[in-house]
Amino acid sequence: MGFVAAALGMLGYALVDVYFISNLPDFIDKGINDKNTEYLRYAPLFVVLIFLLRGVCNFVASYCLNWVGTHIVQNMRQQLFEHYMRLPVSFHDRHSTGELISKVTYNTEQIKQATSKALAVLVREGVFVTGLVVMMFYYSWQLSAIFLLIAPVIAVVVRFVSKRFRMLSRNIQTAMGDVTTSSEQMLNGHKVILSFGGQQIESKRFAGINNLTRRQDVKMEATRAISVSLIQVIASFALAFVVYMASYPDMLDSLSAGVFTTIVGSMMMLLRPLKQLTTVNSEFQRGLTAAASVFEILDHPVEQDTGTTELTGVNGDIRFEQVNFSYPGHDKQVLSDISFTVPAGKTVALVGRSGSGKTTISSLLPRFYELSSGDIFIDQHNIRSCTLASLRKQMALVSQHVTLFNDTIANNITYGCTEPVSEQQLQAVAEKAHVLEFAAQLKDGLNTVIGENGVSLSGGQRQRIAIARALLREAPILILDEATSALDTESERKIQAALNELLKGRTSIVIAHRLSTIENADSIIVMEQGRIVEQGDHATLLAKDGAYAQLYKLQFGEA
Ligand code: ADP
Ligand code: MG
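Counted the way UniProt numbering counts, the sequence shown spans residues 1 to 559.
Shown next as structure tokens:
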């Protein structure tokens, strides 16, 4: 709708211009040469009316185009944002956050420029140029025939230049992604940079990227300037040709002064829109490139959610059967032949050196990644046959990286709860996870806003909030991946009580490097380079005097 209105507006604008110019011959021939005062008296009124009409058309076109452009960008941003959340975890592993952010902010902005401003100029001036040329042919096809020669040359130039614009735009957009990535990395790691004195390294890195971006911009501008001049020079041949033809008496006789002036005038007038068209072409190509990059993301397949079983009322039996796994795009096999079971309500602990694949096991259960081979069952359901939402609803995950949102403590605890949480429930959970303990000292208690990713909290405090969040979720399956690693022994002991409560009646997979926290687990699995090397309870494994016993001795300093 808005688009049609905009198109009509631009069409009107251009046609009014052409109409105005096409009246010039009459004005000169009838009005001035024939001294027709009647005609001349109406001319001023005509001029004002024409410009009024032109103004209205221009407003309608600009407004509507902007309306359309901003809506397109709004939709695109929203779609991108939502698409990012549906893309598989492996996609996010491969792409930098900065690159993805700059697509939402910068690339979509380029599309807006192209759809609003550039498109307006393209249509308006395009129609204007076409109108002028048609009019010239109408008045004197002999003089205008030169365009038949020149148009293809211009077309070739435009084609070549457009290609180059697209190439440069792609570079600029990639460079903008790098600028964002680099800034983001610096901001996230600024404490590390300060403490390691990395300012100069970062400045240099950024200067390089920054300069690359600038150079692409200069190249773009150079191409634009050269193409404008080139096209104008080519067009000037047409003008020269007309003037040259006028030197033939035959030609002069067949043309009135008005027609001749109009044609020469029109040719001169052609130069400005030609320049604008060429200039705006670069923006248009930028928009096209940006759109292509955005659509490439939107076309990227989302997480496979082909399962149809809705998991409800799950007991929580977990079974891994001969699971092999490598991260997508990596050759290295991270898990080999992993088979184990966790009966409902029991706790299994995963131990092993870092890099042995513990976290990987815990991220296969919510299907963050697809297995290379093998199966995982919850109760009797293969997790592949379940819907992702219902599968993930069955588990609460507390990982080694706590993610908190820039919101109040209370809202962070209740995050993702579909039903409203009562004040008592919240208090009880906060109490159990020892959140109240520190929240009470804050100005607004549980309603204190904690800043981006909880900057105003200590690592241990953040983990306690994450534990409270898991407590509230009441999922039958619990995954704790180094959930207490940021706690000191004192707080850990306190929280252990809460955790024991949390573990009660739930199937749990606990990963902890402090072995003291897992001695009570029903079963302990010892991992080494992606394989299970030992399995049993604490006492059995110690008695076995194998890998577990070794780890245990290492930790407790026993010879
Ligand atoms: P753990 O939790 O036992 O310390 P992980 O499961 O995190 O070990 O890692 C196991 C192996 O998988 C490591 O060798 C690591 O390099 C690799 N790995 C972990 N995450 C990824 C990833 N997102 N992409 C590729 N390789 C990964
Ligand atoms: Mg880990």
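The beta carbon of each residue, even a glycine, is placed where N, CA and C say it ideally should be.
This structure is a prediction, so every number in the text was calculated from the model and none was measured.
Using CA atoms only, rank isn't needed, just tell me which of His95, Phe27, Thr359, Glu109 is closest to Asn66.
Within the sequence shown, numbered from 1, the residue matching residue 66 stands at position 66. With distances taken between CA atoms, Asn66 lies nearest to Glu109 out of His95, Phe27, Thr359, Glu109.
Top-ranked residue by Cα proximity to Arg514, from Ala151, Gly126, Leu480, Ala290:
Your numbering for residue 514 matches position 514 in the sequence shown. Nearest to Arg514 by alpha-carbon distance, out of Ala151, Gly126, Leu480, Ala290, is Leu480.
Where the alpha helix (DSSP H) through Glu82 begins and ends:
For the purposes of this step, residue 82 is taken as residue 82 along the sequence shown, with counting starting at 1. Run containing Glu82: 37–86, per the alpha helix (DSSP H) assignment.
Output the boundary residues of the beta strand (DSSP E) element that contains Ser508.
In the sequence shown, the residue the question calls residue 508 occupies position 508. Under the DSSP assignment, Ser508 falls in the beta strand (DSSP E) whose first and last residues are 507–511.
Is Asp481 near the ligand ADP, with its Cβ less than 8 Å from a heavy atom?
As a first step, residue 481 must be located in the sequence shown, where it is residue number 481. True, at least one ligand heavy atom lies under 8 Å from that Cβ.
Bridge partner(s) assigned by DSSP for Asp481:
Looking up residue 481 in the sequence shown gives position 481. Paired residues: Ile511.
CB-CB length for residue 565 against Ala483, believed under 8 Å:
Since the first residue shown for the chain is 1 and the last is 559, residue 565 is missing from the structure and cannot be characterised.
For Phe340, the three-state DSSP class (helix, strand or coil)
Here residue 340 refers to the residue found at position 340 when the sequence shown is read from its first residue. It is a strand residue.
Between which two residues does the alpha helix (DSSP H) containing Val121 stretch?
Mapped onto the sequence shown, residue 121 falls at position 121. Annotation for Val121: the continuous alpha helix (DSSP H) segment containing it runs 119–139.
First and last residue of the uninterrupted alpha helix (DSSP H) at Ala543
To locate residue 543, count along the sequence shown from 1; it is residue 543. Run containing Ala543: 538–544, per the alpha helix (DSSP H) assignment.
Determine, using beta carbons only, whether Leu298 and Gln142 come nearer to each other than 9 Å.
Within the sequence shown, numbered from 1, the residue matching residue 298 stands at position 298. Within the sequence shown, numbered from 1, the residue matching residue 142 stands at position 142. Cβ distance not < 9 Å, so Leu298 and Gln142 don't count as in contact.
Can the beta-carbon of Tyr13 be found less than 9 Å from the beta-carbon of Asn58?
Counting from one through the sequence shown, the residue named residue 13 turns up at place 13. Counting from one through the sequence shown, the residue named residue 58 turns up at place 58. In this structure, Asn58 lies closer than 9 Å to Tyr13 by Cβ.
Could you tell me if the beta carbon of Val68 falls within a distance shorter than 8 Å of some heavy atom in the ligand ADP?
As a first step, residue 68 must be located in the sequence shown, where it is residue number 68. The answer is no for Val68.
Below 6 Å CB to CB, which residues in the same chain sit around His71 once its five sequence neighbours on both sides are set aside?
Within the sequence shown, numbered from 1, the residue matching residue 71 stands at position 71. None.
Any contact of the segment 370–379 with the segment 532–551, i.e. 3+ C-beta pairs under 8 Å?
no
Can you give me the Cβ contacts of Met245 inside the same chain, cut-off strictly under 8 Å, excluding the 5 residues immediately before and after it?
Walking along the sequence shown from the start, residue 245 turns up at place 245. So the list reads Gln142, Leu143, Met251, once near-sequence residues are dropped.
Rounding to the nearest angstrom, what Cα-Cα distance links Arg164 and Thr261 in this structure?
Position 164 of the sequence shown, counting from 1, holds the residue named residue 164. Position 261 of the sequence shown, counting from 1, holds the residue named residue 261. Taking the straight line from one Cα to the other gives about 38 Å.
Out of Phe147, Ser293, Val455, Lys346, state which residue places its alpha-carbon closest to the alpha-carbon of Ile524.
One-based indexing of the sequence shown puts residue 524 at position 524. It is Lys346 whose Cα lies nearest to the Cα of Ile524.
Compute the Euclidean distance between the alpha carbons of Met268 and Met10, then round it to the nearest angstrom.
Position 268 of the sequence shown, counting from 1, holds the residue named residue 268. Position 10 of the sequence shown, counting from 1, holds the residue named residue 10. Computed Cα separation, rounded: 22 Å.
For a test of your reading of the model: does the CB of Gln463 fall under 8 Å from any non-hydrogen atom of the ligand MG? Yes or no.
Position 463 of the sequence shown, counted from the start, is the residue given in the question as residue 463. No, the Cβ of Gln463 stays beyond 8 Å of every heavy atom of the ligand MG.
With a threshold of 16 other CB atoms inside 10 Å of the CB of Phe556, please say whether the residue is buried or exposed.
Translated into positions along the sequence shown, residue 556 becomes position 556. Classification of Phe556: exposed, given that the 10 Å Cβ count is below 16.
Roughly how many angstroms lie between the CA atoms of Val16 and Leu53, to the nearest whole one?
In the sequence shown, the residue the question calls residue 16 occupies position 16. In the sequence shown, the residue the question calls residue 53 occupies position 53. Going from the Cα of Val16 to the Cα of Leu53 covers about 8 Å.
Would you mind giving the Cβ-Cβ distance between Ser154 and Phe241, rounded to the nearest angstrom? I have them listed as a contact below 8 Å.
In the sequence shown, the residue the question calls residue 154 occupies position 154. In the sequence shown, the residue the question calls residue 241 occupies position 241. The residue you asked about is not Ser; residue 154 is Ile in the sequence shown. With 8 Å as the limit, Ile154 and Phe241 do not qualify as a contact, their Cβ atoms being about 15 Å apart.
Beta strand (DSSP E) segments (min. 3 residues) lying fully within the segment 292–347:
If you keep only unbroken beta strand (DSSP E) runs of at least 3 residues inside the segment 292–347, you get 318–326, 333–342.
What number of angstroms, rounded off, separates the C-alpha of Gln216 from the C-alpha of Ala151?
Here residue 216 is taken as the residue at index 216 of the sequence shown, counted from 1. Here residue 151 is taken as the residue at index 151 of the sequence shown, counted from 1. Each residue's alpha carbon lies about 29 Å from the other.
According to the Cβ coordinates, are Ala439 and Ala428 closer than 9 Å?
Taking the sequence shown and counting its residues from 1, one reaches residue 439 at position 439. Taking the sequence shown and counting its residues from 1, one reaches residue 428 at position 428. In this structure, Ala428 does not lie closer than 9 Å to Ala439 by Cβ.
DSSP state of Ile450 mapped onto helix, strand, coil
For the purposes of this step, residue 450 is taken as residue 450 along the sequence shown, with counting starting at 1. In this structure, Ile450 counts as coil in the three-state DSSP scheme.
Would you check whether the ligand MG has a heavy atom nearer than 8 Å to the C-beta of Thr484?
By 1-based counting over the sequence shown, the position of residue 484 is 484. No, the beta carbon of Thr484 sits no closer than 8 Å to any heavy atom of the ligand MG.
Helix or strand or just coil, what does DSSP make of Thr408?
Working through the sequence shown from its first residue, we reach residue 408 at position 408. Looking at Thr408 - three-state DSSP - the assignment turns out to be strand.
Val161 and Ser227: beta carbons closer than 9 Å?
Here residue 161 is taken as the residue at index 161 of the sequence shown, counted from 1. Here residue 227 is taken as the residue at index 227 of the sequence shown, counted from 1. Taking 9 Å as the Cβ cut-off, Val161 and Ser227 qualify as a contacting pair.
Applying the 10 Å Cβ sphere with the 16-neighbour rule, what's the burial state of Glu492?
The sequence position of residue 492 within the sequence shown is 492, counting from 1. Glu492 should be labelled buried.
Please list the terminal residues of the continuous alpha helix (DSSP H) segment that includes Met176.
Your numbering for residue 176 matches position 176 in the sequence shown. For Met176, the enclosing alpha helix (DSSP H) begins and ends at 146–188.
Best match in Pro249, Val233, Asn171 for proximity to Asn211 [C-alpha to C-alpha]:
Sequence index remark: in the sequence shown, residue 211 carries index 211 (1-based). The residue with the shortest Cα to Cα distance from Asn211 is Asn171.
For Tyr369 and Thr387, the rounded distance between their alpha carbons
Locating residue 387 in the sequence shown gives position 387, where the first residue counts as 1. Locating residue 369 in the sequence shown gives position 369, where the first residue counts as 1. Whole-angstrom Cα-Cα distance: 14 Å.
Spatial neighbours of Phe3 within its chain, please: C-beta separation below 6 Å, excluding the five flanking residues on both sides.
Looking up residue 3 in the sequence shown gives position 3. For Phe3, where only same-chain residues beyond five positions count, the Cβ hits under 6 Å are Val68.
Supposed contact pair Ile231 and Thr174 - C-beta distance, whole angstroms, cut 8 Å:
Along the sequence shown, read from residue 1 onward, the residue named residue 174 stands at position 174. Along the sequence shown, read from residue 1 onward, the residue named residue 231 stands at position 231. 29 Å between Cβ atoms; not a contact.
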